[in-house]
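What follows is one structure encoded as structure tokens, with my remarks underneath.
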Amino acid sequence: MLLNLNSTKESVPLTDSLRYRKVLLIEDSPADRMLVRQFLSEPSRECFSLHFAGLLSEGLYEIKKEIPDIVLLDLNLPDSSGMKTLKTFLKEAPDVPVIIMTSLDDELLGLDTIKTGAQDYLFKWNTSPETLVRSINYAVERHTLKQFCQNYAVHLHESEQKLFNIINNSPDSILVVDDDGLIKFANPMAVRLFGLRTLTGTSLYDFLPGFGFVCPLDNKSSDVREVEFVNNEGRLTTAEVSSVEMEWAGLNVHLVFFHDITRRKQIEKELSLTNKRLKEMDGMKSDLAHFIVHDMKGPLGAVMANIELLGLKRCGNEDSEYLNLALEDIYKLQRMVNNILDVLASEGSSMSVRKKPTDVGALIAGESRSFITMASLRGIEVRLDGGPLSFPLDAELIARTISNLLMNAFENTPDGGRVIVSYGLDSSGTELSVSVSDSGNGVPDAIKERIFDKFFSTCCGASSPGRGLGLAFCFMAVNGHGGIIRVEDAPGGGAKFVFTLPCSSQEDTI
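Pasting the structure below:
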């Protein structure tokens, strides 16, 4: 056992079996000091470092330098006496446990000291070493437990305050209700949502009678459900609601969340109506376009027939050239009319794809022939790369596909440029590949994915008006064959349209 009998701390060797206690005795009587020293010198599991102070002020000064584990305090000191001594001590050192040791054997005084804040009250001449040691140990442990509880209470209060602030400032409406639906707390958004001046103390079922069916409070938590109600201001409100069980101020409660989706529902309804109107307008547009295009076929056919009759008569070279140009324009119009009809037909019903063995070289040469005059007038080189080849396909659809690709190539090729048509089988002999290349400006990467969309066109010049249906028809025709069409950059500049068709004799539809 080591005792430090001075007011300075000494080094004390400790073992795992010893508990070290620093004790400050505020006592002016030498005899009483000696008594306490003897008591704490008895063998025990504690190792006490005992410090002395003869005045209350001296003791408080020592505490400011180094806080002891326990203080033994005499009430009657030269600079203070009675309960004033304890009150002054607790005011100056509220976090230090104190045991009153006095010569007064007064039970009422002892109770007062305990009520005031002392850990224990001991009568000097009726205290044994065991009693003093036990009192010190109990006092230290009680004080430690008290501090833990106080710190925990502070932490709990801070956590509750944070939760309260989160709930109070949440953009969603939040209610705290008990098992019976009585509202214990409502944040400002909840008050606004339900249109009431106050919600606390009212029952949730008063303004939401069917809430128990939507979000039962007997569950630990609930899924997100929708609830519709008319609030106190007469506004029809739709909200997503969910709840979770928790403890609030010592009570078992439910945190009920309301997320106002009224505006979202209104927007969804407006979008639905808008989409419905757009579909109706789209149907009207398709019907109108179909009627117009269908009615154009008759006059176009009549004009073409009359021009062909004029060509049979004897005409000068200049007249023949004009007639040929007029026929070319009529052919263009006829192709556009057919493209529009086919595109519109594909939206409402299927278009049959009838495959049969076809001479691909002859088909491509035949479609290219109609562009020879145009090419010669503009100095455009037309080259066909490929040999004799038979392949199962729908000749009419593929012929129009090639014609549309050629028309697109000529519209985008400058005078003196070139157009190349290549065709052939792949290495396995099971797939036909056809490409049409031009020497124009090419297709920007940003629009390559949209180039085959209906009514999308890259042409904006007056001399090359794009209709946005020719390439759309090409896509549908190739897709109907089970093939793929794409656009890529041509070697040396320009665009290269490539489509591939699988070898299959069965009929498909698009």
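Residue 2 is where the sequence shown starts when you use my numbering, and the numbers rise one by one after that. For each residue, glycine too, the CB sits at the ideal point set by N, CA and C.
Spatial distance of residue i from residue j (CA atoms)
i      : j      : result
Val134 : Leu41  : 7 angstroms
Leu200 : Leu183 : 9 angstroms
Gly443 : Asn409 : 11 angstroms
Glu450 : Leu334 : 27 angstroms
Asn276 : Phe208 : 36 angstroms
Gly462 : Gly380 : Interpretation of Gly462 is limited by its pLDDT of 40, a score under 50 that renders its predicted location unreliable; the figure taken from the coordinates is listed afterwards. Going by the C-alpha atoms only, they are around 20 angstroms apart.
Phe53  : Ser81  : 16 angstroms
Leu73  : Tyr21  : 16 angstroms
Lys65  : Ala94  : 9 angstroms
Val228 : Pro210 : 11 angstroms
Leu324 : Ile308 : 7 angstroms
Gly60  : Thr145 : 21 angstroms
Leu378 : Val422 : 19 angstroms
Ala187 : Arg278 : 43 angstroms
Gly467 : Gly388 : Because the pLDDT of Gly467 is 46, which lies under 50, any placement of that residue in the model is unreliable, and the number read from its coordinates should be weighed accordingly. Their backbone Cα atoms lie some 32 angstroms apart in a straight line.
Ala491 : Gly441 : 9 angstroms
Asn480 : Thr402 : 11 angstroms
Val37  : Gln148 : 27 angstroms
Phe500 : Gly493 : 20 angstroms
Ser30  : Gly111 : 20 angstroms
Phe476 : Ala191 : 56 angstroms
Glu271 : Glu241 : 20 angstroms
Arg265 : Asp173 : 14 angstroms
Cys504 : Arg487 : 19 angstroms
Within 8 angstroms, strictly: CB atoms of residue i and residue j
i      : j      : result
Phe124 : Asp106 : yes
Phe498 : Val437 : yes
Asp224 : Ser243 : yes
Lys455 : Leu470 : yes
Phe392 : Val354 : no
Val257 : Asp179 : no
Asn233 : Gly284 : no
Ile399 : Leu364 : yes
Ser413 : Ala496 : Residue 413 is actually Asn in this sequence, not Ser. Yes, the pair counts as a contact, with Cβ atoms nearer than the cut-off.
Asp75  : Val24  : no
Lys356 : Leu394 : yes
Thr128 : Tyr122 : no
Leu205 : Leu164 : no
Leu26  : Leu57  : no
Thr117 : Lys88  : yes
Endpoints, the alpha helix (DSSP H) within which residue i is located
i      : result
Phe457 : Phe457 -> no alpha helix (DSSP H), and no H or E assigned at all.
Thr187 : According to the sequence shown, residue 187 is Ala rather than Thr. That residue, Ala187, is in no alpha helix (DSSP H); its beta strand (DSSP E) goes 184-187.
Val437 : Element bounds for Val437: not the alpha helix (DSSP H) but the beta strand (DSSP E), 432-439.
Val85  : With the sequence shown as reference, residue 85 is identified as Lys, and Val is not the correct amino acid for it. Unbroken alpha helix (DSSP H) run through Lys85: 84-93.
Ile448 : Taken as a continuous stretch (DSSP letters only), Ile448 belongs to no alpha helix (DSSP H), as it is neither H nor E.
Ile403 : 396-413
Gly481 : 471-481
N- and C-terminal bounds of the beta strand (DSSP E) containing residue i
i      : result
Ile101 : 99-103
Glu227 : 226-231
Arg419 : 419-426
Val72  : 71-74
Cβ-based burial, residue i [other Cβ within 10 Å; buried from 16]
i      : result
His35  : Inspection of the sequence shows that residue 35 is occupied by Met rather than by His. With fewer than 16 Cβ atoms within 10 Å of its Cβ, Met35 is classed as exposed.
Asp96  : exposed
Gln151 : exposed
Met102 : buried
His156 : exposed
Ser369 : buried
Thr86  : buried
Ile448 : exposed
Glu159 : exposed
Tyr153 : exposed
Ser136 : buried
Gly418 : buried
Ile168 : buried
Tyr424 : buried
Leu502 : buried
Leu194 : buried
heavy atom of the ligand SAH below 7 angstroms from residue i C-beta
i      : result
Asp416 : Among the ligands in the structure shown, none appear at all, so the ligand SAH cannot be discussed.
Strand pairing of residue i, partner residues [DSSP]
i      : result
Ile175 : Phe258
Asp121 : Ile100
Ile486 : Phe500
Trp249 : Leu252
Ala54  : Ile27
Asp360 : Ser391
Leu385 : Val422
Ala327 : DSSP output for Ala327 lists no bridge partner at all.
Ala240 : Val228, Asp261
Tyr21  : Cys48
Ser81  : Leu78
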